[in-house]
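**Q** In this text, residue positions in the sequence shown follow this note's numbering: the first is 1, and each later residue adds one.
Okay, handing you the structure first.
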Amino acid sequence: MAAKIIEFPERGQEDRLVASIARLEAIVREVERVAADDPVAGLDAVLAAMERMGHRLVDLACLLLDEEKRAQAQMAFICLTDKIAETRDAFERPDRGSST
């Protein structure tokens with residue numbers, strides 16, 4: 001049976017990795033709290049938390065992934081940010097069915 005070698009981040013990055021994971025966990029707890037309290041009223045808070053979570057995930061990607069994978073993570077974050085903006089616009093847009 002062959003042993004699999006696990007590569008850990010460079011020692012200088014260890015503190016940044018732990019801090020980034022801790023911030024990500026705090027955001028997840030915030031989303032869970034908002035969703036439990038009042039998911040409809042808390043939509044903006046959930047979207048803002050999703051944006052912060054995306055930033056944290058990109059931070060983690062920069063610490064753990066190679067150049068190509070980092071670029072992919074960055075593009076995914078840009079797509080996420082665009083979708084969040086579209087969601088906000090959709091909820092802020094006046095109802096199309098009403099007459100003015």
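Backbone N, C-alpha and C fix where the C-beta goes; we use that ideal spot for every residue, glycine too.
Keep in mind that this is a model prediction, so the values were computed, not measured.
Please go through the same chain and pick out, in chain order, the residues whose beta-carbon is closer than 6 Å to the beta-carbon of Val30, but skip the five residues on each side of it.
**A** As a position in the sequence shown, residue 30 is number 30, starting the count at 1. The sequence shown places Glu at residue 30, not Val. For Glu30, where only same-chain residues beyond five positions count, the Cβ hits under 6 Å are Ala49.
**Q** In whole angstroms, what separates the C-alpha of Asp38 from that of Glu51?
**A** For the purposes of this step, residue 38 is identified with residue 38 of the sequence shown, where counting begins at 1. For the purposes of this step, residue 51 is identified with residue 51 of the sequence shown, where counting begins at 1. Whole-angstrom Cα-Cα distance: 19 Å.
**Q** Between Arg56 and Leu24, what straight-line distance do the alpha-carbon atoms span, to the nearest angstrom?
**A** In the sequence shown, counting from the first residue as 1, residue 56 sits at position 56. In the sequence shown, counting from the first residue as 1, residue 24 sits at position 24. Their backbone Cα atoms lie some 6 Å apart in a straight line.
**Q** Could you give the DSSP three-state label for Asp66: helix, strand or coil?
**A** As a working mapping, residue 66 is identified with position 66 in the sequence shown. Reduced to three states, the DSSP call for Asp66 is coil.
**Q** What do you reckon, are the CB atoms on Ala61 and Ala73 nearer than 7 Å?
**A** The residue labelled residue 61 in the question sits at position 61 within the sequence shown. The residue labelled residue 73 in the question sits at position 73 within the sequence shown. For Ala61 and Ala73, yes; Cβs fall inside 7 Å.
**Q** Cα separation between Leu47 and Ile21?
**A** If you number the sequence shown from 1, residue 47 lands on position 47. If you number the sequence shown from 1, residue 21 lands on position 21. Using only the alpha carbons, I get a separation of about 19 Å.
**Q** Between the C-alpha atoms of Ile84 and Leu64, what's the straight-line distance to the nearest angstrom?
**A** Your numbering for residue 84 matches position 84 in the sequence shown. Your numbering for residue 64 matches position 64 in the sequence shown. Looking at the two C-alpha atoms, the distance is approximately 25 Å.
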